[in-house]
Structure formats: structure tokens, C-alpha cells
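Enquirer:
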Amino acid sequence: MIELRNVSKTYLNGTKGLNNINLTIPAGEFVAIVGLSGAGKSTLLRSINRLHDISEGDILINGQSITKAKGSQLRMIRRNIGMIFQSFNLVKRTTVLRNVLAGRVGYHSTIRTIIGKFPQKDIDLAFESLDRVNIAEKAYTRADQLSGGQQQRVAIARVLAQEAQIILADEPVASLDPLTTKQVMDDLKKINMELGITTIVNLHFIDLAREYATRIIGLRAGEVVFDGPVSEATDEKFAEIYGRPIHQDELLGEPVSGGM
Amino acid sequence: MSVNAEKLHPKPPRKIKHYFTAIILVVLLWRSAVLTDSSIGELISGLPNMLDLLKEMFPPNWGYFDNIIDAMLETIRMALVGTTFGAILAVPIALLCASNITQSRWLHYPVRMLLNLIRTIPDLLLASIFVAIFGLGALPGIFALTVFSLGLIAKLTYESLETIEQGPLEAMTSVGANKTQRIMFGVIPQVQAHFMSYVLYAFEINVRAAAVLGLVGAGGIGHYYEVTLGFLEYDKTCTIILFTLAVVLIIDYVSTKLREKLI
Amino acid sequence: MSKSWNTLVPKPRKNRFRWLIYVALAAVYIWAFSGVPFNGFKETAGIITKAIFAGIFSPDWAFVYLPDGEDLLRGLLETLAISILGTFISTFICIPFAFWAAVNMSKGKAISGSGKLILSFIRTFPEIIMALLFIKAVGPGSFAGVLALGLHSVGMLGKLFADEIENIDNGPLEALISSGASRMQVLWFAVVPQVLPGFLSYTLYRFEINVRSATILGVIGAGGIGTPLIFALSSRNWDRVGIILLGIIAMITIIDLISGMIRKKLV
């Protein structure tokens, strides 16, 4: 469970990135965070695993404050949270397998990871994770030889190898074409439902948000202006979140068939 | 009528800066020529000397090869060992110099300054100093090459380090890795190909350098230049030059091919 | 469980060659290291190192300026003069070579290939040896150094210039050719303006390197600060060694700074 209590972030030049956010996200939910660019979606997401520090307030992951955690305690909390990025962030020159194994790094001592010999258990886990996203056969391929969609799936596999209970996805499909977008979102939804992993996704395609999420949080200028189930997220509500009517480029457009 | 024409034509930019630069250049050159006693006249009068020299150098004394093979091997050895030690030492130094890895200004600035200091001293001078300390032989040469390689490789590497993608590093932080693990998994894979390429480049340069370090007594084939020139046996000098050239060209070729494969 | 993955996704067999390369590399290294003459440091090594450091920290300030000549400032100035003149000469000489070696300036690879070969030859020829030869020709002193630097720099500068020429935009060239310009005019109006900033920048870069090389030339008698340095080293005059080293470091640092500033303005 993730709790945000009175979370604010003020930048050095005075602008408020986040303004007094209070949220509780129970385990197993699939949440989509929507809002205009600059509304604070990325800041919010990255505050949860403390890639960004907050100025006020507290964030608790399963009862433990990540805001106050330090050193190995912080790393252990992070170990439990997986993150996928818009630009995939794989190490391009290494193999897919090694990229996925990188997710296991938090479970071993430094010396062990430097030598690079991961236990067979980890390697099996890596393969299983790759299999879950249907890309196991590319295990020994160099990461930069894969397409965008494939790279994102490897990123998801890395999160799975982490055995994380929470997945944070920062605009995971923004760089992908509509068909690949659907594949990746399907994978995320499947993992969420089969493994019960809490999933929080930043999206700017409204129809995607409605299609895949169970709960939608709308941000505007760093504040939560909407928090409710998908059924309540009408076009009018979205217009409120954005402060203007929806534009055509905010809809993915493709008929997403076989919905969940 | 002319007033209107003036309003239409923009004024040409002032040429004063150009004239100024040109004057400075001419002054510099003239003073330099005076200081170094250089003149075309001397060059022309020296020309017959040069031609005589060239005549005495060719044909090269092929028999001399046997004498200098050992020295050439020693030269290559020196370059190999010096480059290797320099490369090993360069790794921590480069990591310390990169501002995106060593965030503390108190650390990366001083280390960079130290690096610049090391790189200011030319290799032959370093070799002379090391000869004064350690005596004659290949050892001071190896030390000089180590220091030189350290400077070169560390600088190129830390510049590379500062241009890596931050993305994979972010990913490693999000996974819960500590600093060392982040470097191992996020940084090193991105730069290792470049690093190897720089090491090979340093090796190319070091082979050339090692070939002359002997002039100051630091081992290698350089010593024989002094010997042959001193005895006015210019055909033997020519052999040394050609031999060195051949070795350097081969090593350059192999090294360039390897570097192409890396990047 | 592990067995099944290995059969489903076979690990690619590493090239047989790799093994051979590693073995060869290991052999080379063993040979290299075994040849290192490690007789243990001379007892004097430690003493001398300390003395040199002492010399650096309490340098012979008097040597900076002696009224009768032969002092640090004059030596440094001479070194600087050698590099300035040498770089200048090489810039002029290397321009025709650069055009010779550039692939896009001649029809057929044979011409540019031969140009590149000559530049490679000049670059590989150690400048110290060139200096020695020039000493034999024009006598010891700075002039030999100037000539050696001038000729040797042509190698690297020619290559860099040629690269720059090969990287130009063809557009302006086509425009001029189509308007009926002669070859010379095309060169002057389309090629030269594009490559000039790069040329200047590379010249300054080579100048920085030449300042360093010029300090060495004195070591073999081709003028500059190298000569007093060798004298000081052989006569164990550590204070003088100190001040000379400091002077060299200071001069190179200043030159690098100035040159760097100018180069930034060029790009």
C-alpha cells in the first residue's frame, strides 16, 4: 500500500511542483495518472521511489517511510518498487539477459554483483520474467538491437525479476506506435491481475487510461483535481482536469478490442 | 539622392579587429624568427648539407638489423607495460574526475587539476627526470610511459564518462542499487568500448614515444640513434628509422582495425 | 528447471577465435613483463626524488632572469618562438598536402590515397629524429628545431585539414559550379570559407602540442629550454630543475588557456 501525506515539492525558483497531495493506493490497484505536461505527473511518480526528493510531507510504502529512509534501508524499499521509463533506460550495449539480471542487484552484496556471477536461481527467474512478456528467445541479444516495444518489454521483465510488489510506469508507451502500445499495456494489465502487483502509470492518452485502469487520478498544476473510478471519468471531468476540452491528439484512436 | 542611398546600404562591419590580429601575427612571427636565428638564407645554405646527409643515409645498412632487434623488442615491451599500468591507474582517476559520478566539487576539481598538471610535462622530459632518479635502463622509460598514458587515457575516459546516458543510471537507482553497483551496471557497460579504444590509441602513441626515449637513456631503440649519429654512420641510422617506421605502421594498422571493431 | 531454459534458449557459443586471442594476449603479456628489468630501486632513487621535490618547492628564483642571458625567461621565450614559427611554417606547407589527400578534391582514390600515405609517413617519422637530422644540416640551435617542428607538424595538421575538407557541405560547391565558376573560384568561394574556422582551430591545437614538443627539442640540442634543463639534471642542480619545471608547466598552462579561449570563439 502506498500513502502520500501532505506531500509538496517546491523547486529552488519557487514554483510548486506538487502541492499538498494526499493519496492512498491500496495493493493490487491499477491507477492511471493523467494531466497536462508539466502538471506534475512525473514528479509525483518519481517521488514515490524517491528519485525526486519532496520538500514537505511523507510518503509511506507498506507502512515504511521512504522519505526518512537512508542507505541500505532506502535501497531495500526501492528494491520492492519497479520502474519503467519512457526511454526504456536499458543499457544498450549489454544483452537482454544482463539487463534483466540488473534487477536482482539489490538482493546481493556489492562484491558479488561486481564479479557478475548471479546464482542460477536468479538466472531462472530472469528467464521466467522474460517468458512472461514473451521475449525469452532474445535473452542473448544486445539490447540496442531490439525495437522500442521489445525494449520496453525487457524493462518490464527487469521489474518482474526484481520481484517488486509495485510497478511505477512513467509514460511507458509515449514512444511507441499504437499496436505496440496495446501490447505493452496488455502486459502491464496482465501482470497486475495475475500477480496482484500495484501498478501506477502516467499516461497522456485518455482512452488508454479509461481502458486499462481501475482508478484515475487527475493532476493539474501539482494538485489532485480528480480521484475516482474510471466510470466517473467522463469527458467533462477530463476537461476540468486539463482546464480545457480534450484534443484529438489526446486520444490514441485505435479501437482497442478484446478489452479487459 | 545619395543620402537615401546611404540609408539603404548597411554599413560594412569594422575591419579594425582583423587588422589588429594581422599585425599581432606579423610581430609574433618576426620576433620569433629573430630569436631563433631563422632565415631563408640559412635554410638555403644548409640545403647542400641536408642533401649530403640524405646521400649518406641511403642505402640503409641492412646488416645492422640484427644488432637492433633486441632493442626494438625492448621498445615494444616498454610500450606494452607502460600502457597497461597507465590504463589500470586511469580507471579510478577517470571515475574521480567525472562530474556526474563524483559529484563533490572538492574531489573532482582537484583531481582534474592534478591530471592537467601531469599532462603538461612532455614524455621525454618525464623520462629525463626518471632517468635521473632511477638511473639508465628501461625502467624509467616504463615509468614515464605509465604517467603519460595515465594522463591521456584518464582525460579521454572522463570526458566520455560525462557524456553517458543518464537513463540506465536512473534505472539502476530505481532498482535499489548502491553507488558501486550503479557504476558497474549503469556506467561501465556504456564506456568500456570507448575505454579500450583509448587504451589502444595510447599504445600507438607509446610505441612511437618508446622508440625515442632511449635518447635520454631510458631504454629502447632510441639509444642507438645517439650511437650511430655519433659515429657518423648514417646508413645505420637510416636502418633504425626504417625499422621503427615499419613497426609503428604495423602496430597502427592492427590497432586501428581493432578500434573500428570496438565502436 | 535450469536445464530446460538452456535448451529452450541456447547460449550463443563464443567464437573459437576468442580463445586463441586470449591465449595469444596472455603470452604477449608474460613475455613483456618478464623482460622488465626490475633490479630493485637504487638506494639513491628515494633520495633523488626527495631532492627533486625539494627543488620544486624551493626553486632557484634567481634563474628566472639573469641580466647576461641564458635564463629561464629567455629559454621559455625561445621555446615559444620555436613553436610559433614551426607551426606557422607547417600551416603553409600542409595546405597543398591537405588538398592532395582529401578524397573529394580529386578524381580517383589513387591520388588521395597517395597523399594520405605521404602524410602518414611524415607523421610517423619521430620529430626528434627529424630534429637530429636538421641539426646535422643547419647546425645545432633553434633553427633546426623550427624546421623539425615545421615539417613534422605537417603530418598531423595535413591529416586534420584533409578530414575537414572531406567534411564540407557539397551544396555551396554545386551552386558555384552550376553558375559557371572555375575550379579556383569554387575553391576560394565555397571550400575555403567552410574550412577556415576548422583550420584555425586545428592550427591552434597543433600549436599547443608543439609548445610541449619544443621544450623537449632542447634536450637534444635543438634550442629552447630543454638544454638548460638537461644541464641542470646532469649537474644535480635540483633547485634549478625545480624552477625550470615550474616555468615549463606555467608556460604550457597559460598557452593552453589562451589557445582554448580563442578556439572556443572560432567554433
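Residue numbers (our numbering), protein chains in the order written: chain A, -19 to 240; chain B, 31 to 293; chain C, 177 to 443.
Just so it is clear, CB atoms sit at the ideal spot from N, CA and C, and this is done for glycine as well.
Just so it is clear, the structure is predicted and the values come from calculations on it, not from any experiment.
Any beta-carbon of chain C closer than 8 Å to the one on A/E143?
Expert: Locating residue 143 of chain A in the first sequence gives position 163, counting from the first residue. Under the 8 Å criterion on CB atoms, A/E143 is classed as non-interfacial with respect to chain C.
Enquirer: Can you tell me which of the three DSSP states A/E216 falls into?
Expert: In the first sequence, residue 216 of chain A corresponds to position 236, counting from 1. DSSP places A/E216 in helix when its eight states are reduced to three.
Enquirer: Taking Cβ-Cβ distances below 7 Å as the criterion, which residues of the region 188 to 214 of chain B are in contact with chain A?
Expert: G197, P198, E200, A201, M202, T203, S204, V205, G206, A207, N208, T210, Q211, M214
Enquirer: Taking Cβ-Cβ distances below 8 Å as the criterion, which residues of the region 289 to 309 of chain C are in contact with chain B?
Expert: S296, F297, T300, F301, P302, I304, I305, L308, L309
Enquirer: Roughly how many whole angstroms lie between the Cα atoms of C/I428 and C/E384?
Expert: To locate residue 428 of chain C, count along the third sequence from 1; it is residue 252. To locate residue 384 of chain C, count along the third sequence from 1; it is residue 208. Each residue's alpha carbon lies about 8 Å from the other.
Enquirer: Considering only C-alpha positions, which residue in the set C/E340, C/L309, C/W237, C/V330 is nearest to C/N413?
Expert: Position 237 of the third sequence, counting from 1, holds the residue named residue 413 of chain C. Closest by alpha carbon: C/W237.
Enquirer: For a test of the three-state rule: what should DSSP assign to A/R133, helix, strand or coil?
Expert: Sequence index remark: in the first sequence, residue 133 of chain A carries index 153 (1-based). Three-state DSSP puts A/R133 in a helix.
Enquirer: Given that B/A223 touches chain A, what residues does it touch there, using C-beta distances under 9 Å?
Expert: Taking the second sequence and counting its residues from 1, the one referred to as residue 223 of chain B is at position 193. Ordered by position in chain A, the residues that pass the 9 Å Cβ test against B/A223 are R73.
Enquirer: At a CB-CB cut-off below 8 Å, which residues of chain B make contact with A/L126?
Expert: Here residue 126 of chain A refers to the residue found at position 146 of the first sequence. Simply none; closest approach about 15 Å.
Enquirer: Can you confirm whether A/G86, when its beta carbon is compared against all beta carbons of chain E, has any partner nearer than 8 Å?
Expert: Judged by its chain identifiers, the structure shown contains no chain E, and its protein chains are A, B and C.
Enquirer: Just the Cα atoms here: how many angstroms apart are B/W136 and C/D415?
Expert: For the purposes of this step, residue 136 of chain B is taken as the residue at position 106 of the second sequence. For the purposes of this step, residue 415 of chain C is taken as the residue at position 239 of the third sequence. Spanning the two alpha carbons is a distance of roughly 31 Å.
Enquirer: When you compare only the Cα positions, how much space is there between A/F206 and C/N343?
Expert: Residue numbering aside, residue 206 of chain A sits at position 226 when the first sequence is read from its first letter. Residue numbering aside, residue 343 of chain C sits at position 167 when the third sequence is read from its first letter. C-alpha separation (whole angstroms): 55 Å.
Enquirer: For B/I123, which residues from the same chain have a beta carbon less than 6 Å from its beta carbon, with the 5 sequence-adjacent residues on both sides left out?
Expert: Here residue 123 of chain B is taken as the residue at index 93 of the second sequence, counted from 1. Answer for B/I123: A184, listed in chain order.
Enquirer: Which residues of chain B have a Cβ atom closer than 8 Å to the Cβ of C/S389, listed in chain order?
Expert: Stepping through the third sequence from its first residue, residue 389 of chain C is reached at position 213. Within 8 Å Cβ-Cβ: P152.
Enquirer: Taking C-alpha atoms, which residue in C/E340, C/F229, C/K440, C/Y198 lies nearest to C/V417?
Expert: Reading the third sequence from its first residue, position 241 is the one you call residue 417 of chain C. Closest option to C/V417, Cα to Cα, is C/F229.
Enquirer: If we count Cβ pairs, one from each stretch, closer than 8 Å, do we get three or more for the region 280 to 293 of chain C versus the region 94 to 112 of chain B?
Expert: no
Enquirer: Pop quiz: C/E255 and C/V395 are said to be a contact at Cβ under 8 Å. What is the actual Cβ separation, rounded to whole angstroms?
Expert: Along the third sequence, one-based indexing puts residue 255 of chain C at 79. Along the third sequence, one-based indexing puts residue 395 of chain C at 219. In the sequence on display, residue 255 of chain C carries Thr and not Glu. About 12 Å; that fails the 8 Å criterion.
Enquirer: Could you tell me if B/L245 is buried or exposed, where buried requires 16 or more neighbouring beta carbons within 10 angstroms of its beta carbon?
Expert: Position 215 of the second sequence, counted from the first residue, corresponds to residue 245 of chain B. Label assigned to B/L245: buried.
Enquirer: When the cut-off is 8 Å and only beta carbons count, does B/P122 lie next to chain A?
Expert: Position 92 of the second sequence holds residue 122 of chain B. So, not an interface residue.
Enquirer: Measuring alpha carbon to alpha carbon, tell me which of C/P404, C/K187, C/G326 ends up nearest C/C270.
Expert: Looking up residue 270 of chain C in the third sequence gives position 94. The shortest C-alpha separation from C/C270 is found at C/G326.
Enquirer: Identify the contact partners of C/L261 in chain B, using a Cβ-Cβ distance below 7 Å as the criterion.
Expert: Counting from one through the third sequence, the residue named residue 261 of chain C turns up at place 85. Residues of chain B passing the Cβ test: L59, S62, A63, T66, S68.
Enquirer: Which residues in the same chain as A/Q142 place their Cβ atom closer than 6 Å to its Cβ, once the five residues preceding and following it in sequence are excluded?
Expert: Mapped onto the first sequence, residue 142 of chain A falls at position 162. Hits under 6 Å: G62, G83.
Enquirer: Between B/P89 and chain A, is the shortest Cβ-Cβ distance under 8 Å, so that the two count as touching?
Expert: Position 59 of the second sequence holds residue 89 of chain B. Taking Cβ atoms only, chain A never reaches closer than 8 Å to B/P89, which makes this a no.
Enquirer: Which whole-angstrom value is the C-beta distance of C/I401 and C/I424, which I expect to be below 8 Å?
Expert: As a first step, residue 401 of chain C must be located in the third sequence, where it is residue number 225. As a first step, residue 424 of chain C must be located in the third sequence, where it is residue number 248. That pair is a contact at about 6 Å.
Enquirer: So with Cβ pairs under 8 Å, would you call A/D104 a contact of chain C?
Expert: Taking the first residue of the first sequence as 1, we reach residue 104 of chain A at position 124. Yes - at least one Cβ of chain C is within 8 Å of the one on A/D104.
Enquirer: Taking any Cβ of chain B, which residues in the region 232 to 243 of chain C have a Cβ under 8 Å from it, in chain order?
Expert: none
Enquirer: What is the rounded straight-line gap between the Cα of A/H32 and the Cα of A/R26?
Expert: Here residue 32 of chain A refers to the residue found at position 52 of the first sequence. Here residue 26 of chain A refers to the residue found at position 46 of the first sequence. Their Cα atoms are separated by approximately 5 Å.
Enquirer: Could you tell me which of A/S35, A/Q100, A/T161, A/D157 sits nearest to A/R(-15), measuring between CA atoms?
Expert: Residue -15 of chain A sits at position 5 when you count from the first residue of the first sequence. Of A/S35, A/Q100, A/T161, A/D157, the residue nearest in Cα terms is A/S35.
Enquirer: With a threshold of 16 other CB atoms inside 10 Å of the CB of C/M306, please say whether the residue is buried or exposed.
Expert: For the purposes of this step, residue 306 of chain C is taken as the residue at position 130 of the third sequence. C/M306 is buried by the Cβ-count criterion.
Enquirer: So which residues of chain A does B/Q220 contact, with C-beta pairs closer than 8 Å?
Expert: For this step, residue 220 of chain B is matched to residue 190 along the second sequence. Within chain A, the residues near B/Q220 are V71, K72, R73.
Enquirer: Pick helix, strand or coil for A/D207, following the three-state DSSP scheme.
Expert: Sequence index remark: in the first sequence, residue 207 of chain A carries index 227 (1-based). Here A/D207 sits in strand by DSSP.
Enquirer: Hey, is the region 188 to 204 of chain A in contact with the region -8 to 8 of chain A, meaning 3+ C-beta pairs nearer than 8 Å?
Expert: yes
Enquirer: Would B/Y264 be called buried (16 or more neighbouring beta carbons within 10 Å of its own) or exposed?
Expert: The residue labelled residue 264 of chain B in the question sits at position 234 within the second sequence. That one is buried.
Enquirer: Specify, as a first and last residue, the run of the alpha helix (DSSP H) that B/S158 falls within.
Expert: As a first step, residue 158 of chain B is located in the second sequence; it is residue number 128 there, counting from the start. Per DSSP, the unbroken alpha helix (DSSP H) holding B/S158 starts and ends at 153 to 164.
Enquirer: DSSP state of B/D265, grouped into three classes?
Expert: Residue 265 of chain B sits at position 235 when you count from the first residue of the second sequence. Three-state result, B/D265: helix.
Enquirer: Compare the C-beta of A/M240 with all C-beta atoms of chain C and state if any pair is closer than 8 Å.
Expert: Within the first sequence, numbered from 1, the residue matching residue 240 of chain A stands at position 260. Unreliable placement is indicated for A/M240, whose pLDDT of 39 sits below 50; no coordinate value is reported for it.
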